[in-house]
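> UniProt numbering numbers the first residue of the sequence shown as 1 and each following residue consecutively. Where is the CB? At the ideal position from N, CA and C, for every residue including glycine. Quick caveat: nothing in here was measured; it's all calculated off a predicted structure. Got a structure here, written out as structure tokens. Questions coming.
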Amino acid sequence: MTAYRTLDPEGVKHFLAARRDLAERLGGEAQDWTVREVSDGNLNLVFLVFGPSGTLCVKQSLPHVRVDPDWKMPLDRTAFEAAWLRRIEPLAPGLTPAFLDFDPEQFVLTMECLNGFVTLREALSKGADPIAPSRILGGFVARSAFLTSYFAQPFEAVAPDLAFFSGNTTLTRITVDLVLTDPYREHPRNHWLPALDADVAAMRADPRIIARIGALQERFLTTPQALLHGDLHSGSIMISDRDVRVIDGEFSLYGPIGFDCGLYLAHLAVAHAATNDVARKEALTAAIRTFWRTFCSDFLYLWKTQANGADLYTPTTFSNAPHELDTLRAHFISGVFHDAAGFAAAEIVRRLIGYAQTSDFDHIQDEQSKADRQRVALSFACDLLRDAPADIDAFTERLRQDTDL
Ligand code: ADP
Ligand code: MG
Ligand code: MG
Ligand code: MG
1 MTAYRTLDPE GVKHFLAARR DLAERLGGEA QDWTVREVSD GNLNLVFLVF GPSGTLCVKQ
61 SLPHVRVDPD WKMPLDRTAF EAAWLRRIEP LAPGLTPAFL DFDPEQFVLT MECLNGFVTL
121 REALSKGADP IAPSRILGGF VARSAFLTSY FAQPFEAVAP DLAFFSGNTT LTRITVDLVL
181 TDPYREHPRN HWLPALDADV AAMRADPRII ARIGALQERF LTTPQALLHG DLHSGSIMIS
241 DRDVRVIDGE FSLYGPIGFD CGLYLAHLAV AHAATNDVAR KEALTAAIRT FWRTFCSDFL
301 YLWKTQANGA DLYTPTTFSN APHELDTLRA HFISGVFHDA AGFAAAEIVR RLIGYAQTSD
361 FDHIQDEQSK ADRQRVALSF ACDLLRDAPA DIDAFTERLR QDTDL
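As structure tokens, this is what we get:
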């Protein structure tokens with residue numbers, strides 16, 4: 001047993017040099033390796049290591065929030081990320097970094113280094129096409145959700161994962177507080193531009209909005225439909241010219257599938273609200289539709305072709321009523337959409353007024369213009385919470401109308 005120590009670049013070299021299979025991937029000796037810290041998230045340390053014959057990515061949790069050392073936090077989040085990666089990698093081949101190693105004493109996850117990739121957030125801010133990655137992401141969420149759900153396997157196969165991931169209480173607490181609670185109460189973690197004061201007050205005073213948030217809290221904690229990524233924003237996705245990878249599964253838990261869908265949609269919607277370029281808005285709107293349509297068609301296709309052994313909606317039960325099965329499946333997908341629209345709204349709100357905000361508005365120099373763009377994003381989110389859209393076309397139509405300045 002080696003006591004936990006926070007890694008620095010030299011520590012990363014020592015760590016890898018002591019692990020033959022990892023060191024062999026890099027080639028040469030420790031003195032031939034270059035270590036670059038690339039931590040940019042709120043929570044963890046991430047290092048990229050370059051050797052003569054290969055590269056690695058090393059991620060370690062800290063005993064506190066990376067960007068706030070006074071906010072203490074247990075170390076086990078990398079254990080959940082490692083377990084998520086091992087579970088999802090075979091279900092969505094080529095759509096995550098390859099898992100290589102997890103050290104449960106140092107809380108170090110070692111994985112494939114994604115050379116030549118940038119986060120989708122960064123790519124989008126530089127004008128990258130949002131449609132192609134959204135199609136791939138729709139397929140990713142369909143596969144990872146369907147194949148870990150009760151629709152794909154007997155309940156005995158779900159039980160161990162459900163038990164294990166329900167232990168991810170530290171990061172589930174972060175979601176419950178930062179996404180689903182803090183924005184609707186006074187809390188020192190919240191902050192926003194003074195120009196939004198009246199908008200925030202009006203949101204908190206609206207009984208329909210508060211009722212919907214209560215319902216979303218319930219859905220999040222009491223609807224274990226599938227193994228979620230749990231933090232599927234555009235900074236948890238990396239893209240290259242040819243590929244898309246989902247990273248950072250430390251928030252993984254069993255929950256409502258619409259949560260992952262909603263987070264992804266929220267970040268496209270925020271990017272849409274943050275630009276006044278009409279062509280860019282259209283591309284982002286098309287990406288939203290593409291994500292959702294791909295999710296639906298892939299999920300339904302898997303349901304029709306890979307439901308053997310499942311205990312829910314078994315084809316034998318419906319052999320005399322196949323039409324009813326189609327109706328129930330369509331109803332389920334509508335429920336996922338309803339959840340997705342609600343969670344998308346909650347995510348937009350928290351990225352505007354909560355602890356961890358987005359960089360999408362940072363390019364706007366003028367405070368007044370920035371506040372105006374944030375206000376329309378907030379009003380779109382409030383609109384979704386007040387009155388749920390019926391389908392994805394209603395969602396994008398609201399986005400177009402509400403964010404038109
Ligand atoms: P956190 O949990 O702190 O948010 P992330 O897993 O999101 O950490 O990683 C932080 C950053 O490190 C990412 O934005 C990305 O730039 C980089 N990164 C993470 N994983 C990899 C990887 N496998 N290959 C290359 N870069 C990575
Ligand atoms: Mg991250
Ligand atoms: Mg990041
Ligand atoms: Mg993270």
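If you reduce the DSSP assignment to three classes, tell me which class residue 406 lands in.
Absent from the model: residue 406. The displayed extent of the chain is 1 to 405, so no value can be given.
> For ligand 4, is there any heavy atom lying closer than 7 Å to the beta carbon of Gly41?
yes
> Among Ala211, Asp241, Arg77, which one has its Cα closest to the Cα of Leu385?
Ala211
> With a threshold of 7 Å (Cβ to nearest heavy atom), would Ser252 be considered close to ligand 2?
Result no, Cβ not under 7 Å from ligand 2.
> Please identify the residue among Asp383, Gly335, Glu24, Glu122 whose C-alpha is closest to the C-alpha of Thr223.
Gly335
> Quick check on Trp84: does DSSP put it in helix, strand or coil?
helix
> So does Phe117 have its beta carbon nearer than 7 Å to some heavy atom of ligand 1?
yes
> Helix, strand or coil for Phe36? Go by DSSP, reduced to three states.
The residue asked about is misnamed: residue 36 is Arg in this sequence, not Phe. If DSSP states are grouped into helix, strand and coil, Arg36 belongs with the strands.
> What residues in its chain sit with their C-beta under 8 Å from that of Ser359, if we drop five residues either side in the sequence?
Arg121, Ser125
> Is the beta carbon of Ser252 less than 8 Å from the beta carbon of His267?
no
> Does ligand 1 have even one heavy atom less than 7 Å from the beta-carbon of Lys126?
no
> Could you tell me which of Asn190, Tyr184, Glu250 sits nearest to Leu109, measuring between CA atoms?
Glu250
> Spell out the partners DSSP gives Gln60 in its beta bridges.
Leu45, Val108
> CB Asp161 to CB Arg87, shorter than 8 Å?
yes
> Does the distance between the C-beta of Asp231 and the nearest non-hydrogen atom of ligand 4 fall short of 7 Å?
With a cutoff of 7 Å, Asp231 counts as near ligand 4, since its C-beta is closer than that to a heavy atom of the ligand.
> Mind checking which residues open and close the beta strand (DSSP E) that includes Phe99?
99-103
> Put Tyr355 into one of helix, strand or coil per three-state DSSP.
coil
> Which residues in the same chain as Phe343 place their Cβ atom closer than 7 Å to its Cβ, once the five residues preceding and following it in sequence are excluded?
Leu216, Gly258, Phe259, Gly262, Leu263
> Confirm, please, whether the CB-CB distance from Leu100 to Leu22 is below 8 Å.
yes
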